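Residue numbers (UniProt numbering): 1 to 333. The structure appears right after this line, and notes come after that.
Structure, rendered in structure tokens:
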């Protein structure tokens, strides 16, 4: 699963009306989580005895977070401003009352499948959560003492900087709690790498949408612009491609619009100045398609939070030498 884009990881429009955690899927994936953690503790999970995952508030920025991805993968929804702490015999949730009520349904299956008790720490709006955090730290120390450890290793996602009052307080308190901290990014990446049947369907549908937009919208549009020598900006092409992703019927893809989103604003570049970084953006310059020029396109779409990406390089009236060079480059010769 791709790292979840925070801010748009909420349920689809249809799902927002009724929140319901898929208990059977939760059981399967929670078991997979603990199995991967136990089997690869030293290699991928930083020898962590505890895994603490904190999800930030929603944001309109395009960003992909493993904390949000774990929410979606395990629970089916993103739970912003929530701290999840996985231990050998307990899972602690620090969250609002509304989220705690939604999570009540996982208590019984968690005990059944991996033998852990789910403990809720409900934070009031006026509470900074410090007292609740101390309760979680006491539970960690209690487990550590029972296991004969002096300083437990708490795994977290190092690259995700804390955002919002709750996560900033949590980060500060965690660093000062006397635990050894480790990075569990590689463990989560490995956990998400193997897709189950439902995930494969989502990936295939995302890929189908991306292909449909590229094949039925982007390429025909560029061919028309070039053949008729029209003027159009990169940003205008971006807007048209994005609309097709968000409304799949435009691209002749029979997928529900409620379930789709962009991975990033489509990227169109030409004119000899190219940015090949993932953060590249379409500018307001006109599309340049004179003889021997190059156009680079990248389109990414998501289906039920699973991403796909396609990029193409179009060579306009390429010389035989340029064609041969590209062919050799693609074949690694």
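Beta carbons are placed, not taken as given, at the ideal position from N, Cα and C, and that holds for glycine. Everything numeric in this text was worked out from a predicted model, so none of it was measured.
- By the neighbour-count criterion, in which 16 or more other beta carbons inside 10 Å mark a residue as buried, residue 277 falls on the exposed side.
- In the three-state reduction of the DSSP assignment, residue 116 falls in the coil class, being assigned neither a helical nor a strand state.
- Taking C-beta atoms under 8 Å as the contact rule, residue 241 and residue 266 qualify, at a distance of about 4 Å.
- Here residue 286 carries a strand assignment [DSSP, helix/strand/coil].
- Residue 52 is positioned such that its CB atom lies no closer than 8 Å to that of residue 166.
- By DSSP's assignment, residue 146 forms no beta bridge with any residue.
- Residue 268: member of the beta strand (DSSP E) spanning 267 to 270, first to last residue.
- Bounds of the beta strand (DSSP E) holding residue 86 are 82 to 86.
- In the DSSP annotation of this structure, the continuous segment of the alpha helix (DSSP H) that includes residue 97 starts and ends at 97 to 103.
- A distance of 8 Å or more separates the beta carbons of residue 279 and residue 294.
- For residue 302, the beta-bridge partners assigned by DSSP are 261, 307.
- The C-beta distance from residue 251 to residue 212 rounds to 4 Å, short enough to meet the 8 Å contact threshold.
- The alpha carbon of residue 181 has as its nearest neighbour, out of 223, 157, 103, the alpha carbon of 157.
- About 5 Å separates the Cβ atoms of residue 91 and residue 118, confirming a contact at the 8 Å cut-off.
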